[in-house]
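What follows is a set of notes on a single structure, which appears directly below.
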Amino acid sequence: MEPLRPSDHIDAEALAAERAESSAERERSGEASAASAIAQPALGVVGWLRFAWRQLTSMRTALVLLLLLAVAAIPGSLVPQRSADPNGVVQYRRNNPELYDVLNTLQVFDTYTSVWFSAIYLLLFVSLIGCIIPRTVHHARALRAAPPKTPARLNRLVGYRATDAPADVETALEAARAELRRRRYRVERYGDSLSAERGYLRETGNLVFHMALVGVLATIGFAGGFGYNGQKVIVEGQTFVNQLGTYDSFNPGRFFDDVRLDPYGLRLDEFDPEYGIDRTTGQAQPLDFTATLTEVTGGVERERQLKVNEPLSIAGTTVYLLGNGFAPVITIRNGDGQVVFDEPVPYLPQDANLTSLGIIKVPQGLDEQLGMIGFLYPSAIQLDSGALSSVFPEPDQPVLTFNAFTGDLGLDDGVSRNAYALDTDGLTPIAGRDAPAEPLVLGLGQTVSLPDGLGTVEFRDLRRFVSIEIHHDPTQTGVLIFSLLVLGGLIVSLFVPRRRLWVVATSTADGVRLEYAGLARGDDPGLEQAVADLADAHSQRLAPTLET
Amino acid sequence: MENLVAYSLVAVYSAMGVYTIAFILFTLDLAKRSAAPSAADAAEAARTEAAPVLNASSASAAGAVRAAAGGAATATAVRPTSSRASGLDTPGGAAPVGATRFQRAAVALAALGWLLHLGAVLTRGIAAERVPWANMFEFGLTATAMGMGTFLGALLWKDVRYLGAYISGFTLLSLGIVTTNFYVDVVPTPPPLQSSWLVIHVLVATLATGFFAIGAGLSIMQLIRSRAAASKAEGLRFVHTLPGASALESLAYRVNVVGFVFWTFTLIAGAIWAERAWGRYWGWDTKEVWTFIIWTLFAGYIHARATRGWRGDRSAWLAIIGFSAVIFNYTVVNLFFKGLHSYSGL
Ligand code: HEM
């Protein structure tokens, strides 16, 4: 049986031609012949539905949908995507407000979940399923069927050759059968001819490949709904507990419920970066990042090491090291010397030498609400312009600077505020460039006074923080297995040749006349060689043993 | 170490010099062929032209080959004349009809250039104490070496010397660009790149790129060939010394599917690596998007080859577009698109 192919497959023509050529009557097979593809669809709803279905499951549709998918994926690489780069989207909106509106309506910022992108791949997969189901049924039958009848005229087939041999028909065919079997052909005798076929694995591989593609998508679609991921910043000495409220940001899957969070704790004991220096540029190069953590599960403590490419597996989740930086410990006292703020503040790194940006908000305890924004220079030097700069990412000479503002920080109005942004509109600058007083500058261990006797700021300690991502992704294993099946199926289906060979024996006056020919199903550059090899090996088997 | 880096660069420049001469000779060879296409070439071209596919996957097509070859094989022990027996399939690089002295010299020089090129790759790797493909310069250096190596390797299997001008020209151009524009010194590997997946993922990506490059070259030749066949006009005469369009097409297909398998592996290995490094195996990062686009384009190409009405020129265009996307991915996406894969080193 031929592998079943959509009616516009390139083989369809060849099949029709072969049928027309072959005078031998073929057994009825359930496949779509080229003839039925040419037949007009029957009128009526059913006819039209069938017609539409056949269009959807044709090679041409699959091809066009594949190309469409490739084109539709492009916009998502040109503009920032909300899922991967939300800040980029905000920035894009700020820079191109008009274009933003248009693109946003078109869902370009969510390309890969957009209606149009989804429509293309869903149609493609419907087409794919519609394509593989009948092929699988057909292939299951073909696996049990005998090779088809020998065509009447072999001489128009690939690799045709004829030889004479000193043997009778039965012996010749027996020898040919043995030779074909050795080459793992399935062999069937029709009259004085053998029909042999091999390479059923090619179609199996093709089906496995296409099914595994469906498997990848289905796994992501279903299992993906049960996952979650969240980010958290942990400062040295602090402990993170895997509970819903403790994450800095958290993205649950569709079917997620928080009962699934396995409680465990992680304490950051130490973060140890290692840097080298590029001799030509003098730039610092990160060599290695190691976070030493203590995992606390069910009261048991265990030390763990976390590195960039070496995530930790803890209680069904995976923990990744995403980023790191400094968290200066800052103590603020009011005019009476009472402590109103005393905590490590994670600063966002801005460059390779870890010049970092930090925000401090003090809503209570001072006469007025205080907001400060400033930089940390881990290895500070003063440039000629007077500005500070960091020359190395290690804290050799840490210096903090602050611009300070007073006024309503807007923390009480119920709107959640980004801890890493300070909206200075409506605030009064009290120290800094546009303020009556100079910006605050202080080194490690130093204390400076805020203007107007508001209080003091102390740079008490410098710690490090790591940002980690915690992931529970139930799709990983499934997707990996299906991907490997995709690869395996692909290799098998591209490189296992499916071919037929025929041997026809005709009795002659002084022996037997043998004809050989082959036929390929799909790309098969080695077919002619295979026919020749068979014929040669066969001749050898038949040659009288003439050893003297 | 410093010395090795310098030696590596010297080797690159020497390789470029040798490649330049090889390129000139390959081009002269094409010109020479145009001057005198032999009768044998014409006959051979006509024969392969008649076969819609080299392997003649359809019975009627096979019949046509036989008929065109004039070998109605009825006599005893007849080996049918076929494309396999003709020069274009001669294994081992034995001189086929039409091979000129230029061509032989060009292949020898290309091989010499490649050894220098390989030396440059190896010394760079030893100097850096890691695999030599951690930034754009190194990737370009290694990928072109792979492409050239694939071409020279292919010569042992099939005479594709007519691709020499394309491959050597392309390699030369790429080396010129990477050494002048993308050159960076050896620097320590940043933590996200410290992974054995770097070795595997990028190595296989360069291999895939090499195969796609040759596939695209064959597809370009195929288009030129089928244009020439269609127009009947004289045009560039060297064209007529090439194998037939369908022989080129089926060769291109065989090269491209190997590239596709490598690319599929690259995609999967990249996802595994991303899972280790960034905490998710797929996140539609720009580089991931383009890897996916390329994969989809070549899946389309494979389908096109099997779809009525798409075989021939159209599928050739898809292969060329696919390879252009590979180049785009390497250059424009690396340099100008924002994403996690900002390892160009620039
Ligand atoms: C997600 C979409 C699809 C992708 C990525 C894809 C990819 C591929 C690839 C890579 C191959 C070559 C490897 C092999 O033979 O197994 C292939 C072959 C094939 N595909 Fe698909 N395919 C898709 C959808 C479809 C659909 C919808 C159909 C049915 C209309 C289809 C029918 C076929 C057929 C018949 C072959 C064999 C081609 C031949 O005979 O050479 N595919 N596909």
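Order-wise, the sequence lines are chains A and B.
Residue numbering for the first sequence follows the working numbering, starting at 3 and increasing by one per position.
Residue numbering for the second sequence follows the working numbering, starting at 39 and increasing by one per position.
Cβ coordinates follow ideal geometry from the N, Cα and C atoms, glycine included.
Asked, Found
"Nearer than 7 Å: is that true of the beta carbon of residue 257(A) relative to any heavy atom of ligand 1?", "no"
"Counting only beta-carbon separations shorter than 8 Å, does residue 233(B) have a partner in chain A?", "yes"
"Where does residue 233(A) sit, in a helix, a strand or coil, going by DSSP?", "strand"
"Pick out the complete beta strand (DSSP E) segments inside the segment 299 to 343 of chain A, 3 residues or longer, and give them in chain order.", "302 to 309, 314 to 316 and 319 to 336"
"Excluding the five sequence neighbours on either side, which residues of its own chain have a C-beta within less than 6 Å of the C-beta of residue 337(A), listed in chain order?", "455 and 457"
"Residue 288(B): beta carbon under 7 Å from a heavy atom of ligand 1?", "no"
"Under 8 Å, Cβ to Cβ, is there at least one residue of chain A near residue 370(B)?", "no"
"Compare the C-beta of residue 1(A) with all C-beta atoms of chain B and state if any pair is closer than 8 Å.", "The structure shown does not extend to residue 1(A), since chain A is modelled only from 3 through 550, so no value can be given for it."
"Flag residue 11(A) as yes when its Cβ comes closer than 7 Å to any non-hydrogen atom of ligand 1, and as no otherwise.", "yes"
"Under 8 Å between C-beta atoms, does residue 61(A) make it to chain B?", "yes"
"Would you say residue 11(A) reaches chain B, if we count a Cβ-Cβ gap shorter than 8 Å as a contact?", "yes"
"With burial defined as no fewer than 16 other Cβ atoms inside 10 Å of the residue's Cβ, what is the status of residue 265(A): buried or exposed?", "exposed"
"Just the C-alpha distance for residue 200(B) and residue 251(B), rounded to the nearest angstrom, thanks.", "14 Å"
"Which residues of the segment 335 to 346 of chain B have a Cβ closer than 7 Å to any Cβ of chain E? Give them in chain order.", "Looking for chain E here will not work: the only protein chains present are A and B."
"Please determine whether the Cβ atom of residue 210(B) lies at a distance below 7 Å from any heavy atom of ligand 1.", "no"
"Any beta carbon of chain B sitting closer than 8 Å to that of residue 543(A)?", "no"
"List the residues of chain B whose Cβ lies closer than 7 Å to the Cβ of residue 471(A), in chain order.", "317"
"Quick one, are the C-beta atoms of residue 474(A) and residue 230(A) less than 8 Å apart?", "yes"
"Any beta-carbon of chain B closer than 8 Å to the one on residue 527(A)?", "yes"
"Tell me which same chain residues have a C-beta within less than 6 Å of the C-beta of residue 256(B), skipping the five on either side of it?", "286, 289 and 290"
"Anything in chain B within Cβ reach of residue 78(A), meaning under 9 Å, just list it in chain order.", "322, 324 and 327"
"Should residue 445(A) be labelled buried (16 or more other beta-carbon atoms within 10 Å of its own) or exposed?", "exposed"
"Which residues of chain B have a Cβ atom closer than 7 Å to the Cβ of residue 282(A), listed in chain order?", "223"
"Does ligand 1 have even one heavy atom less than 7 Å from the beta-carbon of residue 126(A)?", "yes"
"Can you tell me the Cα-Cα spacing of residue 449(A) and residue 92(A), whole angstroms?", "37 Å"
"Taking residue 352(A) as the query, report the chain B residues whose CB atoms sit under 9 Å from its CB, ordered along the chain.", "Within 9 Å Cβ-Cβ: nothing; residue 352(A) doesn't reach chain B, min ~16 Å."
"Pull up the distance between the alpha-carbon of residue 42(B) and that of residue 366(B), whole angstroms please.", "31 Å"
"Listing by chain order, which chain B residues have their CB less than 8 Å from the CB of residue 458(A)?", "Those within 8 Å of residue 458(A) in chain B number zero; the least Cβ separation is about 39 Å."
"Kindly examine ligand 1 and report whether one of its heavy atoms sits closer than 7 Å to the Cβ of residue 59(A).", "yes"
"For residue 315(A) and chain B, any beta-carbon pair shorter than 8 Å?", "no"
"Kindly examine ligand 1 and report whether one of its heavy atoms sits closer than 7 Å to the Cβ of residue 8(A).", "yes"
"Any heavy atom of ligand 1 within a distance shorter than 7 Å of the CB on residue 264(B)?", "no"
"Less than 7 Å separating the Cβ of residue 53(A) from some heavy atom of ligand 1?", "no"
"Taking 7 Å as the line, does the beta carbon of residue 294(B) fall inside it for any heavy atom of ligand 1?", "no"
"Would residue 481(A) pass as an interface residue toward chain B - the criterion being a Cβ-Cβ separation below 8 Å?", "yes"
"Terminal residues of the continuous beta strand (DSSP E) containing residue 242(A)?", "241 to 243"
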